[in-house]
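Asks: Heads up: the sequence shown runs through residues -28 to -1, 1 to 396, numbered per mature numbering (1 follows the signal peptide of the UniProt record, and there is no 0).
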Amino acid sequence: MALVLRRMIDMAFTKFVFFACFSTFVEGAELGIKPLTDCPTYVDEGASLSCSCKSPRPGISADISWPGHSDNPQLTLANIPRGDDGKNFTCQMVFNGQITEVVHTIHLAYGPSDIYISGPSEFVSDGTRKMTLTCETGDVNPAPMYKWIGVTCDTGNTYRTCSYTPKPDVHNGKTVTCKAVNPSSHAVMSDTAHFTMNISYKSAVVDFTANGNRHTTTVSEETPLVFSCAANGRPAPNLTIHRLDSDFPLLSSSGTQEIVYQNGSIRCLDAGTYICSAENGFPNPSSRTIDVSVTCGSGHSFFDAGMRMKLIIGGGAFGGLVLIVVVIMIICRHRCEYLVFDRRYERPPPRRDEDEENPYTGLNVHPTPPELPPRRENYELQQIAIDENLYDELQLGQEQKPKKRSILCPNRKKKKKSRVNRDS
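1. Given this structure, state the Cα-to-Cα distance separating K146 from T168, to the nearest angstrom.
2. Does DSSP put D43 in a helix, in a strand, or in coil?
3. Buried or exposed, going by whether 16 or more other CB atoms sit within 10 Å of the CB of A159?
4. Checking the sheet assignment: what are the DSSP bridge partners for A152?
5. Check whether the segment 41 to 54 and the segment 16 to 24 touch, using three or more Cβ-Cβ pairs below 8 Å as the test.
6. If you follow the beta strand (DSSP E) that residue 397 is in, where does it begin and where does it stop?
7. Taking all protein chains shown into account, do 16 or more other C-beta atoms lie within 10 angstroms of the C-beta of R215, making it buried, or fewer, making it exposed?
8. Quick one: what does DSSP say F290 is sitting in, helix, strand or coil?
9. Could you say if the segment 20 to 36 and the segment 85 to 95 meet the contact criterion of at least three C-beta pairs nearer than 8 Å?
10. Which term fits T124, buried or exposed, when burial requires 16 or more other beta carbons within 10 angstroms of its beta carbon?
11. Do the segment 231 to 249 and the segment 257 to 269 meet, that is, are 3 or more Cβ pairs less than 8 Å apart?
12. With DSSP as the reference, label D263 as helix, strand or coil.
13. Check each candidate in V112, I303, L105 and K6 and name the one with the smallest Cα separation from Q64.
14. By a C-beta neighbour count over all protein chains shown, 10 Å radius and 16 as the cutoff for buried, is N60 buried or exposed?
15. For a test of the three-state rule: what should DSSP assign to P221, helix, strand or coil?
16. I'd like the span of the beta strand (DSSP E) that includes H214, first residue to last.
17. What did DSSP end up calling H76 once you bin it into helix, strand or coil?
18. Quick check on the burial criterion: 16 or more other C-beta atoms within 10 angstroms. Buried or exposed for T127?
19. Exposed or buried, N252, counting other C-beta atoms within 10 Å across all chains shown (16 or more means buried)?
20. Does the segment 198 to 206 touch the segment 218 to 231, meaning 3 or more C-beta pairs lie closer than 8 Å?
21. In terms of DSSP beta bridges, what is E108 paired with?
22. Can the beta-carbon of T48 be found closer than 8 Å to that of C25?
23. According to the Cβ coordinates, are Y118 and T130 closer than 8 Å?
24. Taking the Cβ atom as the reference point for each residue, do A152 and T109 lie within a distance shorter than 8 Å?
25. Roughly how many angstroms lie between the CA atoms of C11 and V75, to the nearest whole one?
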């Protein structure tokens, strides 16, 4: 009985030892336990590295090393050059004759450097166009984070590209900054770039005053009148002050943003509308006007002397036209009187010989005159006075040649004189 019990105890101990050894072998080899490292993914260029490799289970005693670099769990590298970027380092663990490894790749963090902003050197704006700026970096690893300063980008200020709509009179000459930061650098490596916006835009008259007044002003005769005109725009505009009814400039200046014109002694005829215009190469120049009234010595206020001058000139032209019409009427009347005089003293046609036989003698009939010759344009038959003495000539169909009539003379109606049939 005691012998049987002893054999059972020996068998149970043997099974326990076998199970323990088998479990360790499976955990260490077949289950593939790998060591762990605490090495960083990125290391600054030129910096030193110190990291370690260890077993994942503190209770397991294993042999750990970095073959080719260290025979212990500690890995130390000094002044890592950029050429080591992407280099692999192997941590090896030996447990119960089984070898497991883990590979660690070192990435170097460097840059950004040589950063600059690319954009238009000269941007033409109408107030609605978008400008695009791009932050360019030189050698950098990994990709940096961006931040735009001094501008509000349409899609946010943390992207490489910034698009926005500049206000010409606000953003022209303004400096924009782009800052690029290396996100994996332990030394917080960053760089900045600056960009000055040069925006060309249409000039506009922003202020036009006369003696400090806008739109309209009233001054007394023989007192000073000072015009001041200011405009913006790029390039600097050409400014001109002149009367609205005259193209002759009172003052003109190029490449400036403000001009001042002074009239030391205003006159009544100087009243009117004045205009300041600004032009810098863009279509449809900008302008503003001021109405100037002048109180003359008589106490009356005159406005728009140019209009009065136009009325004077128009009245003179109308008077001249009336004079021309009168002269034409006088010439016409003189011509008509001459024609009447010419008809009145015209030689009568020759008479027939009294001895020539008259075929209509003794007949109580009215002879039919022969057909008149065709009328010519602008001619008419001259009026013939009919009396008893010319009856024989009418019977023969004689008539006078038509005289040319002036188109300037009024039409004269022909007077018909009835003739009483005479008895033969």
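The beta carbon of each residue, even a glycine, is placed where N, CA and C say it ideally should be.
Replies: This is what the structure gives:
1. One-based indexing of the sequence shown puts residue 146 at position 174. One-based indexing of the sequence shown puts residue 168 at position 196. Looking at the two C-alpha atoms, the distance is approximately 6 Å.
2. Translated into positions along the sequence shown, residue 43 becomes position 71. Correct three-state label for D43: coil.
3. Counted from its first residue, the sequence shown places residue 159 at position 187. In the assembly as shown, A159 is an exposed residue. Its beta-carbon has fewer than 16 other beta-carbons within 10 Å.
4. The residue labelled residue 152 in the question sits at position 180 within the sequence shown. DSSP lists Y118 and D163 as partners of A152.
5. Here the segment 41 to 54 lies against the segment 16 to 24, with 3 or more beta-carbon pairs under 8 Å apart.
6. Since the first residue shown for the chain is -28 and the last is 396, residue 397 is missing from the structure and cannot be characterised.
7. Along the sequence shown, one-based indexing puts residue 215 at 243. Result: buried.
8. Locating residue 290 in the sequence shown gives position 318, counting from the first residue. The DSSP-derived three-state label of F290 is helix.
9. No, they do not touch.
10. On the sequence shown, residue 124 is found 152 positions in, with the first residue counted as 1. Label assigned to T124: exposed.
11. Enough Cβ pairs lie closer than 8 Å, so yes.
12. Residue numbering aside, residue 263 sits at position 291 when the sequence shown is read from its first letter. Three-state result, D263: strand.
13. Position 92 of the sequence shown, counted from the first residue, corresponds to residue 64. Here the closest residue by C-alpha is K6.
14. Working through the sequence shown from its first residue, we reach residue 60 at position 88. The residue is exposed, with fewer than 16 neighbouring Cβ atoms inside 10 Å.
15. Translated into positions along the sequence shown, residue 221 becomes position 249. The answer is strand: DSSP assigns P221 an E or B state.
16. Locating residue 214 in the sequence shown gives position 242, counting from the first residue. Segment N210 to R215, the beta strand (DSSP E) holding H214.
17. As a first step, residue 76 must be located in the sequence shown, where it is residue number 104. Looking at H76 - three-state DSSP - the assignment turns out to be strand.
18. Counted from its first residue, the sequence shown places residue 127 at position 155. So T127 ends up on the exposed side.
19. For this step, residue 252 is matched to residue 280 along the sequence shown. Classified as buried, N252 has 16 or more neighbouring CB atoms from the shown chains inside 10 Å of its CB.
20. Yes, they touch.
21. The residue labelled residue 108 in the question sits at position 136 within the sequence shown. Residue pairing of E108 in beta bridges, as defined by DSSP: Y88.
22. Within the sequence shown, the letter at position 76 stands for residue 48. Within the sequence shown, the letter at position 53 stands for residue 25. Going by C-beta atoms, T48 is not nearer than 8 Å to C25.
23. Position 146 of the sequence shown holds residue 118. Position 158 of the sequence shown holds residue 130. Judged by their CB atoms, Y118 and T130 are nearer to each other than the 8 Å cut-off.
24. Locating residue 152 in the sequence shown gives position 180, where the first residue counts as 1. Locating residue 109 in the sequence shown gives position 137, where the first residue counts as 1. A contact, by the Cβ cut-off of 8 Å.
25. Here residue 11 refers to the residue found at position 39 when the sequence shown is read from its first residue. Here residue 75 refers to the residue found at position 103 when the sequence shown is read from its first residue. CA-CA distance, C11 to V75, rounds to 11 Å.
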